[in-house]
Amino acid sequence: MIDIRFGPRSCGELSTAAAREWLVTDGRGGYAMGTVAGLRTRRYHGLLVVAGDTPASRKVGLVSLDPAVTLPSGRQVRLGAHEWSSGVVDPRGFELLEHFDLADGVPRWRWRVGDVVIEREIAMTYGRSCVAVVHRLISGGPVRLDLAAACTWRDAHGERRADGPAPRLEPAAGGAVVDGAYRLAGPDWTPRGQWWHGVRHRTEAERGLHPDEDLWYAGRFTGALDEPGATVSVLAWADDLAEEPPPATAVVEAARRRSRAVVAAAKPGDAVEATLALAADAFVVRTATGPDVVAGYPWFGAWSRDTMISYEGLFLCTNRADEGRDLLRAYAATLNEGMLANTADTGRVEYNTVDATLWFLHAVHRHVTVTGDTDLGDELLPALHRVMEAHVAGTRYGIGVDPADGLLTQGGPPDVALTWMDARVYGVPVTPRTGKPVEVNALWINGLAGVAELTELAGRDAAGLHDLHRRAVTAFRERFPAPVGWLHDVVDAPAPAYPLGGAAHHDDDLLRPNQLLAWSLPHAPLEPDEATLRRITEALFTPLGPRSLAPDSPGFAGRHRGGPADRDSAYHQGTVWPWLTGPLLDAYRRAGLPTDDLLVGLVGHLAEDGLGSVSETADGAAPHAATGCPFQAWSVAELLRARRMRR
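When you number the sequence shown by the numbering used here, it's gap-free, plus one each residue, and the end is 647.
Next up, the structure:
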């Protein structure tokens with residue numbers, strides 16, 4: 001894996017160290033997450049964040065364990081870090097960090113106070129909501145280590161304040177149970193019980209959200225570090241509170257072994273692929289209904305579109321096809337009226353996308369093509385045929401094949417956004433794209449060809465599918481090329497309100513990256529044209545991937561910043577999306593153009609924001625600072641898939 005490590009300057013400079021985030025996960029959607037500095041900058045940061053019935057319904061439990069070391073002289077030095085509502089940062093333990101690294105997915109810090117060096121490691125138990133925090137004396141001593149446990153129990157998207165009830169503590173062996181939800185255990189527990197008022201999360205302030213909360217100082221663990229190699233450890237776990245986990249040091253070692261096994265199973269070609277294979281593992285979770293995909297940490301749950309776009313990278317490029325097969329079966333069971341359910345973060349089964357189903361067709365076809373698992377293709381074929389029939393006949397939201405040209409159209413109420421560009425502000429879609437979007441029709445054409453292949457592999461006649469495919473391809477090639485030198489983003493869109501008396505429909509020629517799928521998919525409707533690709537790259541490409549809108553277009557937003565309305569307004573109006581690098585590289589490769597230079601920025605990004613992973617989005621304007629989730633499934637999956645395709 002790539003070397004991710006920082007020295008005293010990077011660790012001790014708060015603006016740098018607080019912008020670099022680490023993540024460890026439990027395989028269920030729960031996690032521990034924070035910054036290199038040890039400063040919590042998000043409401044989502046914590047040492048034990050527990051997934052509920054769905055990966056998105058998370059609760060924050062153990063917030064922090066603040067270390068304080070008592071030296072042989074009797075002087076006490078605090079090693080933690082908090083920012084307060086006044087803007088003061090105290091304590092400032094990051095200034096004593098001499099080293100941070102991320103090895104085998106385990107974050108590790110080293111503080112130096114004179115000749116005393118103390119190390120911290122954090123890991124989680126796979127398949128269980130359990131975190132282990134291990135402190136080890138590396139040199140110097142003897143010293144005493146106190147660990148102040150700051151706690152809460154709240155929804156991950158909110159705050160808990162002192163004007164409400166305090167968390168309830170019940171004594172338990174080695175520690176306490178908090179609110180009946182999770183248990184703490186470690187050496188020499190001393191209960192306390194007081195509020196820490198006004199802990200500030202600077203990133204939430206930048207995102208226009210409430211930045212402050214109150215934390216409950218539940219108590220303190222104390223242990224002796226008498227000689228190098230001695231450890232002081234704390235465990236925190238949810239679910240079965242009576243079942244004690246293995247020792248904390250064993251949890252850390254098990255996490256390292258599992259990380260190495262995950263990487264080895266993926267058979268990476270180099271250190272970058274190894275890093276991405278381990279990053280991919282964080283998003284594949286096991287729920288009560290089987291395997292699923294977390295779209296992004298720390299706030300997303302499972303989204304069917306994200307899952308299907310990520311499928312090849314997360315499952316086929318990591319040799320997890322058996323889990324993938326179970327996932328595809330489970331998602332196929334949600335098909336209704338030819339549409340794939342989009343469970344999203346609400347936990348409700350909803351049918352509100354035009355493209356998730358088409359990405360599902362692509363995922364099934366790729367699974368069978370890559371693995372040779374024709375049994376799964378045969379099993380799912382009736383469901384795939386029902387998808388095609390429903391789209392030809394017409395289904396929800398005006399989704400259906402236009403009998404006039406064989407292209408797929410979509411509409412619905414004015415407050416609905418059905419493509420991946422689905423942001424809304426005050427209930428109004430920012431990028432509605434009603435009509436016939438370019439990537440939707442590329443996916444439809446790709447799906448027709450893919451299902452036809454699977455049909456013929458099953459020994460059945462696919463003539464009807466081939467007829468639909470030929471007609472759609474012909475119409476696509478006639479309708480989508482625009483006089484401006486690239487493809488229309490949407491054809492047959494509703495006409496603008498002005499000027500009056502214009503055409504009934506409008507063909508939108510704004511330059512967006514959606515057209516890349518017209519060249520990138522296995523059964524793409526167009527052969528790539530070098531001049532067009534270079535024109536698109538010149539306008540859209542950045543070190544972290546393509547912009548969602550060209551900078552010279554009306555409505556371009558170069559900064560994905562501010563409150564929710566500001567961010568949603570910019571989300572698909574110029575913001576960079578790293579996942580689109582995958583389709584861009586596919587199109588380049590099909591055109592015979594070199595691709596290696598297109599990945600340099602994203603490879604460097606692996607050590608910048610979400611460490612060892614790839615962010616959801618970035619500013620469209622230079623220097624393209626990362627935004628959104630720092631750990632995003634389809635960003636990781638598409639970068640891994642794109643690199644694998646070089647072989």
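Beta carbons are placed, not taken as given, at the ideal position from N, Cα and C, and that holds for glycine.
Item: Proximity below 8 angstroms, CB of glycine 464 to CB of arginine 386; Value: no
Item: Top-ranked residue by Cα proximity to aspartate 90, from Leu48, Arg40, Thr595 and Glu21; Value: Arg40
Item: Three-state secondary structure assigned by DSSP to isoleucine 309; Value: helix
Item: Segment limits, beta strand (DSSP E) that includes alanine 472; Value: That residue, alanine 472, is in no beta strand (DSSP E); its alpha helix (DSSP H) goes 463-479.
Item: Integer-rounded CB distance, given that serine 304 should sit under 8 angstroms from alanine 658; Value: Shown here, the chain extends from 1 to 647; a query on residue 658 therefore has no answer.
Item: Backbone secondary structure at arginine 348 - three-state DSSP; Value: coil
Item: Limits of the unbroken alpha helix (DSSP H) element including threonine 203; Value: 202-206
Item: Beta-carbon proximity check, leucine 327 vs threonine 334, cutoff 8 angstroms; Value: no
Item: Same chain, Cβ closer than 7 angstroms to tryptophan 420, neighbours up to 5 away in sequence not counted; Value: Arg305 and Asp355
Item: DSSP-derived helix/strand/coil call for tyrosine 126; Value: coil
Item: Spatially closest choice to glycine 398 from Thr353, Val364, His469 and Leu96, by CA coordinates; Value: Thr353
Item: According to DSSP, residues forming a beta bridge with asparagine 336; Value: Met339
Item: Among Arg396, Arg325 and Ala277, nearest to aspartate 292 - alpha-carbon criterion; Value: Arg325
Item: Which of helix, strand or coil DSSP assigns to glycine 447; Value: helix
Item: Residue(s) in a DSSP beta bridge with methionine 33; Value: Leu23 and Gly46
Item: Inter-stretch contact (C-beta, 8 angstroms, three-pair minimum) for the stretch 133-147 and the stretch 63-73; Value: yes
Item: Residues near glutamate 170 by beta carbon distance below 6 angstroms, same chain, minus five either side; Value: Val177
Item: Cross-strand partners of isoleucine 118 (DSSP beta bridge); Value: Trp111 and Leu137
Item: Rounded straight-line distance, which links the Cα of tryptophan 216 to that of proline 167; Value: 7 angstroms
Item: Nonlocal neighbours in the same chain, by C-beta distance under 7 angstroms from leucine 580, ignoring five residues either side; Value: Pro513, Leu516, Gly545 and Pro546
Item: Glycine 46, buried or exposed, once every other Cβ within 10 Å from all chains shown has been counted against 16; Value: buried
Item: Aspartate 101 Cβ short of 7 angstroms to the ligand GTP heavy atom set; Value: Annotation note on the ligand GTP: not contained in the displayed structure, which lists no ligands.
Item: Where the beta strand (DSSP E) through cysteine 151 begins and ends; Value: 143-155
Item: Rounded Cβ spacing between leucine 48 and valine 116 (contact assumed at less than 8 angstroms); Value: With 8 angstroms as the limit, leucine 48 and valine 116 do not qualify as a contact, their Cβ atoms being about 28 angstroms apart.
Item: Option in Ala254, Gly186, Pro246 and Asp53 with minimal Cα separation from alanine 224; Value: Gly186
Item: Proximity to glycine 61 [Cα-Cα], best of Ala156, Val77, Thr307 and Ile118; Value: Ala156
Item: Nearest candidate by alpha-carbon position, reference glycine 447, set Ala570, Pro522 and Pro437; Value: Pro522
Item: Beta-carbon gap between aspartate 568 and valine 425 smaller than 8 angstroms; Value: yes
Item: Which of helix, strand or coil DSSP assigns to tryptophan 196; Value: strand
Item: Arginine 40 (DSSP reduced to helix, strand or coil); Value: coil
Item: Whether valine 473 touches proline 525 by CB criterion (8 angstroms); Value: yes
Item: Through-space distance from alanine 621 to threonine 542, alpha-carbon basis; Value: 9 angstroms
Item: Collapsed DSSP secondary structure at leucine 215 in the structure displayed; Value: strand
Item: Through-space distance from proline 67 to arginine 220, alpha-carbon basis; Value: 10 angstroms
Item: Length of the line joining the Cα atoms of glutamate 312 and glycine 229; Value: 43 angstroms
Item: Inter-residue spacing [alpha-carbon to alpha-carbon] between phenylalanine 6 and glycine 12; Value: 10 angstroms
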